[in-house]
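K.L.:
Right, I'll just put the structure down here and ask away after.
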Amino acid sequence: MFMLEYVNNQNKKYNVGYVKNSTRMIIMKSRRLSEIQLPRCPHYHNDPELKKIIDKLNEERIKKYIETNNSFEEIHELLG
Numbered sequence: 606m607f608m609l610e611y612v613n614n615q616n617k618k619y620n621v622g623y624v625k626n627s628t629r630m631i632i633m634k635s636r637r638l639s640e641i642q643l644p645r646c647p648h649y650h651n652d653p654e655l656k657k658i659i660d661k662l663n664e665e666r667i668k669k670y671i672e673t674n675n676s677f678e679e680i681h682e683l684l685g
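Here's what the structure looks like:
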């Protein structure tokens with residue numbers, strides 16, 4: 606019985622670490638995308654194809670966020 610609890614605790618430690626690492630990777634990816642859009646970054650403004658791709662990805666993400674979170678609609682109803 607003690608061994609099972611020990612193994613479960615070990616697994617919890619590893620799972621928490623994995624979750625933190627995966628969220629850290631997501632944060633890093635979103636930071637990289639935002640850095641590409643900075644005015645001082647020549648790639649975003651000089652490459653029209655890259656700019657279209659990034660803008661399209663951002664629009665899709667915003668649409669998904671709005672679909673999953675109705676907070677914008679609720680705010681408009683409260684203020685409207």
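Numbering (my numbering), first residue to last: 606 to 685.
Even glycine gets a Cβ: it sits at the ideal position worked out from N, Cα and C.
Once you ignore the five residues that flank residue 652 on each side, which residues in its own chain have a CB closer than 6 angstroms to its CB?
P.N.:
There are no such residues.
K.L.:
Rounded to the nearest angstrom, what separates residue 655 and residue 673 at their Cα positions?
P.N.:
Spanning the two alpha carbons is a distance of roughly 27 angstroms.
K.L.:
In the structure shown, what three-state DSSP assignment does residue 652 receive?
P.N.:
Residue state, collapsed to three classes: coil.
K.L.:
Under 7 angstroms: does the beta carbon of residue 665 sit that close to some heavy atom of the ligand FAD?
P.N.:
This structure simply doesn't include the ligand FAD, nor any ligand for that matter.
K.L.:
How many Å lie between residue 664 and residue 681 at the Cα?
P.N.:
Residue 664 and residue 681: Cα-Cα distance of roughly 20 angstroms.
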